[in-house]
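Written below as structure tokens is the structure these notes are about.
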Amino acid sequence: MPPAPRPAGISARQRMLQIFVPLLALGFGLVVWQWIVWAYEIPRYILPGPADTAIALLTDSATLWPALLVTLRITFMALAMAMVGGVFLAVIIVQSRWLELALSPYTVILQVTPIIAIAPLILIYAPDTQTALMICAFLVAFFPILSNMIQGLKSVDHHLIDLFELYGASRWQSLVYLRLPASLPFLMVGLRIAGGLSLIAAVVAEFAAGSAGQGSGLAFRLIEAQYRLNLPRMFAALVLLCGAGIAIYGLTSFVAWLALRRWHESAVRREG
Amino acid sequence: MPKLVAMRAVSKVFADGTLALDQMSLEVETGEFLSLLGPSGCGKSTALRLMAGLAEPSSGVVERPSGGGIGFVFQEPTLMPWQTVFGNVFLPLKLRGFSKAEVRERVMDGLQSVGLADFAHSYPRQLSGGMKMRVSIARALVTRPSLLLMDEPFAALDEITRHKLNDDLLALWRRSGLTIVFVTHSVFESAFLSSRIVVMRPRPGRVFRELAISQPAQRGADYRVSESYRADCQLVSEALQGAISAAGN
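Here it is as structure tokens:
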């Protein structure tokens, strides 16, 4: 039998359409927005058009870009810590049913309490604002990773577990060669959810913190612009946050694709 | 004949209280092709898991080859989807601490013997059901076990593929001198493959009857339509009917 055929490539024309249709729709929306602003002569302190927003992005870049970097740094550090912590705790939790039961009240309490409500408390206890924001974003990103990883570790094919037992695999070998790779698709789902949530948490926690000064992130710049009724800058900050969200989603999807592309159905294009 | 496996008055009670096996005694002789045949719930898979050491008997004794002497083929191919065909067959040796370089030839020989040497770098999802099962068989044989346990390995395959794999398995058994215990619910498969058939009955699972199959050395397409095969099938079928109607009595 010949090897299964490679996924048939969609035609170049279709690929072009897949890229251009969304871009065209977006462009159309921007044009309509700009036209409304012009046609009704709406002042920019009420509704700035796309052009005003773009100008604000450029003129305020000295304020906005460093703020974006601060927010992104908090988001990614929280995400990285959540990945390491979530996977590690999941591996420990599935070792023992009793341990899982004992830890369950804490995981449930931390998971169901809205982060915005805990943030003021964390701000009091944390040594500085940056750390507090990082803890908030970490807490939010941690649980989707933990719960997906636990689910993944528990969903390993029982026959494969039998097989490893038959060949006398050690606990460590079963973990490294079987349980971790088998849970990778679940972990990637957790990562994609956690990526978006950690950005939201970083922004929400900064609203709560209301910190000013050098090290502040985009959320504070947004509030600051609101106080000054600087709407073009608010829109510019929103555009940056939106871009950051898209970039994080794209990045986590890319990581998931890299991890699963060779073998998992979710990353393989359906044939025929 | 020396005994490779011996089950003496073995009972198995599951956690929910089901009596899966009741006082089963069975000896597997070296070099034979033994089929365990019976309707579902007769404990044949349980008996196989006990022989493999994947389950412990509730009472009675199971004597079996220790260490690496056993290969096991499940009903599903049970391959790791994240590993290539080579990686899957290499697994039992990897778990014993061999490096890839040390055993590359041995793994490739194993793949060669099931006709899949060209697919060493493919992933399981790229293979057909029959090819996956061949990989599973190559993996079970790569440690050169003395005993091969097979739990309805071909039940999910289409008939053409199943016949082909039956032929190949028979050829492998003849040339290797392996001892095979084969669980099936197919009268035709057991009559075609076996040198001895143990028919089991359900509720509770126990041995109902043993049948020795007189077999020609060569069993190919001709044998499938021969009078002696048909007669064997009839004998086995009657024994199975008896086992089913004896259930619960």
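The listed protein sequences derive, respectively, from chains A and B. Heads up: the first sequence at position 19 corresponds to 19 in this note's numbering, and the numbers run straight through without jumps. Heads up: the second sequence at position 153 corresponds to 153 in this note's numbering, and the numbers run straight through without jumps. Just so you know, even glycine gets a beta-carbon here, dropped at the ideal spot from N, CA and C. Note that the structure is predicted; figures quoted are calculated from it, not measured.
Below-8 angstroms beta-carbon distance, residue i vs any chain E residue
{"i": "B/Trp173", "result": "Considering every chain present, this structure includes no chain E. Its protein chains are A and B."}
Interface residues of chain A facing residue i [CB-CB closer than 8 angstroms]
{"i": "B/Phe74", "result": "His159, Asp162 and Leu163"}
{"i": "B/Pro81", "result": "Trp263 and His264"}
Chain-ordered chain B contacts of residue i [CB-CB under 9 angstroms]
{"i": "A/Arg171", "result": "Ordered by position in chain B, no residue passes the 9 angstroms Cβ test against A/Arg171, which lies about 12 angstroms from the chain."}
{"i": "A/Pro66", "result": "Neighbours of A/Pro66 on chain B: none; closest Cβ ~42 angstroms, over 9 angstroms."}
{"i": "A/Pro48", "result": "None at all; the shortest Cβ gap to chain B is about 50 angstroms."}
Pairwise C-alpha distance: residue j and residue i
{"i": "B/Ala239", "j": "B/Arg209", "result": "7 angstroms"}
{"i": "B/Thr161", "j": "B/Asp232", "result": "22 angstroms"}
{"i": "B/Ile213", "j": "B/Leu36", "result": "13 angstroms"}
{"i": "A/Val108", "j": "A/Pro144", "result": "12 angstroms"}
{"i": "A/Met77", "j": "A/Met134", "result": "7 angstroms"}
{"i": "B/Ser190", "j": "B/Leu21", "result": "21 angstroms"}
{"i": "B/Ser146", "j": "A/Thr252", "result": "48 angstroms"}
{"i": "A/Val112", "j": "A/Ala259", "result": "30 angstroms"}
{"i": "A/Val156", "j": "A/Val176", "result": "13 angstroms"}
{"i": "B/Met108", "j": "B/Arg224", "result": "32 angstroms"}
{"i": "A/Ala194", "j": "A/Leu79", "result": "7 angstroms"}
{"i": "A/Ala4", "j": "B/Gln126", "result": "The pLDDT assigned to A/Ala4 is 45, lower than 50, so where the model puts this residue is not dependable; a value taken from the coordinates is nonetheless given after this. Each residue's Cα considered, the two are about 5 angstroms apart."}
{"i": "B/Arg206", "j": "B/Ala6", "result": "15 angstroms"}
{"i": "A/Gly168", "j": "B/Ser113", "result": "25 angstroms"}
{"i": "A/Ile115", "j": "A/Phe138", "result": "10 angstroms"}
{"i": "A/Arg261", "j": "A/Leu180", "result": "16 angstroms"}
{"i": "A/Gly217", "j": "A/Leu64", "result": "8 angstroms"}
{"i": "A/Gly85", "j": "A/Ile93", "result": "12 angstroms"}
{"i": "B/Arg175", "j": "B/Ser25", "result": "29 angstroms"}
{"i": "B/Gly38", "j": "B/Thr184", "result": "7 angstroms"}
{"i": "A/Phe20", "j": "A/Leu26", "result": "10 angstroms"}
{"i": "A/Ser61", "j": "A/Pro48", "result": "17 angstroms"}
{"i": "B/Glu43", "j": "A/Glu265", "result": "The displayed chain sequence assigns Gly, not Glu, to residue 43 of chain B. For B/Gly43 and A/Glu265, the distance between alpha carbons rounds to 35 angstroms."}
{"i": "A/Lys154", "j": "A/Ile161", "result": "11 angstroms"}
{"i": "A/Ala67", "j": "A/Trp38", "result": "31 angstroms"}
{"i": "B/Asp16", "j": "B/Arg203", "result": "14 angstroms"}
{"i": "B/Val13", "j": "B/Ser186", "result": "26 angstroms"}
{"i": "B/Leu54", "j": "B/Ser11", "result": "15 angstroms"}
{"i": "A/Ala12", "j": "A/Pro22", "result": "16 angstroms"}
{"i": "B/Ala243", "j": "A/Trp98", "result": "44 angstroms"}
{"i": "A/Leu184", "j": "B/Gln23", "result": "44 angstroms"}
{"i": "B/Ser58", "j": "B/Val73", "result": "24 angstroms"}
{"i": "A/Ser170", "j": "B/Arg96", "result": "10 angstroms"}
{"i": "B/Gly115", "j": "B/Val103", "result": "18 angstroms"}
{"i": "A/Met83", "j": "A/Ala141", "result": "8 angstroms"}
{"i": "A/Glu165", "j": "A/Thr129", "result": "50 angstroms"}
Residue i: contacting residues in chain B (beta-carbon distance under 8 angstroms)
{"i": "A/Trp257", "result": "Here the premise fails: no neighbours, minimum Cβ distance about 14 angstroms."}
{"i": "A/Pro43", "result": "The premise fails here: A/Pro43 is roughly 59 angstroms from chain B at the closest Cβ pair, so nothing lies under 8 angstroms."}
{"i": "A/Pro22", "result": "In chain order: nothing, as chain B lies at least about 30 angstroms away."}
{"i": "A/Pro127", "result": "Those do not exist, as A/Pro127 stays about 42 angstroms from chain B at its closest Cβ, beyond 8 angstroms."}
{"i": "A/Pro120", "result": "The contacting residues do not exist; A/Pro120 stays about 45 angstroms from chain B at best."}
Within chain B, partners of residue i - CB distance below 7 angstroms
{"i": "A/Arg262", "result": "Tyr123"}
Chain-ordered chain A contacts of residue i [CB-CB under 7 angstroms]
{"i": "B/Thr78", "result": "Asp157, His159, Leu160 and Leu163"}
{"i": "B/Leu54", "result": "Asp162, Glu165 and Leu166"}
{"i": "B/Pro153", "result": "Here the premise fails: no neighbours, minimum Cβ distance about 12 angstroms."}
Partners in chain A for residue i, counting only beta-carbon separations shorter than 9 angstroms
{"i": "B/Pro92", "result": "Leu163, Leu166 and Tyr167"}
Integer Cβ distance of residue i from residue j, believed to fall under 8 angstroms
{"i": "A/Leu146", "j": "A/Ala90", "result": "6 angstroms"}
{"i": "A/Ala244", "j": "A/Leu57", "result": "So it is not a contact: roughly 13 angstroms between Cβ atoms."}
{"i": "B/Val181", "j": "B/Leu149", "result": "5 angstroms"}
{"i": "B/Val85", "j": "B/Phe119", "result": "5 angstroms"}
{"i": "A/Leu197", "j": "A/Met149", "result": "The Cβ separation is near 15 angstroms, so there is no contact."}
{"i": "B/Ala47", "j": "B/Ile70", "result": "That pair is no contact at about 14 angstroms."}
{"i": "A/Gly210", "j": "A/Ala182", "result": "With 8 angstroms as the limit, A/Gly210 and A/Ala182 do not qualify as a contact, their Cβ atoms being about 45 angstroms apart."}
{"i": "B/Asp151", "j": "B/Ser40", "result": "No, B/Asp151 and B/Ser40 are not in contact; Cβ-Cβ is about 12 angstroms, not under 8 angstroms."}
{"i": "A/Leu229", "j": "A/Tyr40", "result": "The pair is not a contact, with the Cβ atoms about 19 angstroms apart (cut-off 8 angstroms)."}
Next on the checklist: Could you check whether the segment 135-142 of chain B touches the segment 76-91 of chain B, counting it as contact only if at least three pairs of C-beta atoms, one from each stretch, sit closer than 8 angstroms?
Outcome noted: yes
Item to check | Within the segment 127-159 of chain B, ranges of the alpha helix (DSSP H) (whole runs, at least 4 residues) | outcome: 129-141
Checklist entry - With contact counted as at least three CB pairs below 8 angstroms, one residue from each stretch, are the segment 30-50 of chain B and the segment 189-198 of chain B in contact? => result yes
Checklist entry - Quick one: any contact between the segment 185-204 of chain A and the segment 94-110 of chain A, if contact means 3 or more CB pairs under 8 angstroms? => result no
Next on the checklist: I'd like the ranges of any beta strand (DSSP E) spanning at least 3 consecutive residues and lying wholly in the segment 70-124 of chain B.
Outcome noted: 70-73
Item to check | Cβ contact (3+ pairs, closer than 8 angstroms) linking the segment 224-242 of chain A and the segment 44-63 of chain A | outcome: yes
Checklist entry - Residue ranges of each beta strand (DSSP E) run of no fewer than 3 residues wholly in the segment 163-204 of chain B, ordered along the chain? => result 179-184 and 196-201
Item to check | Whole alpha helix (DSSP H) elements within the segment 138-217 of chain A, 4-residue minimum | outcome: 158-166 and 180-209
Next on the checklist: I'd like the ranges of any alpha helix (DSSP H) spanning at least 4 consecutive residues and lying wholly in the segment 223-263 of chain A.
Outcome noted: 231-260
Checklist entry - Curious, which full-length alpha helix (DSSP H) runs of at least 4 residues does the segment 58-110 of chain A contain? => result 61-93
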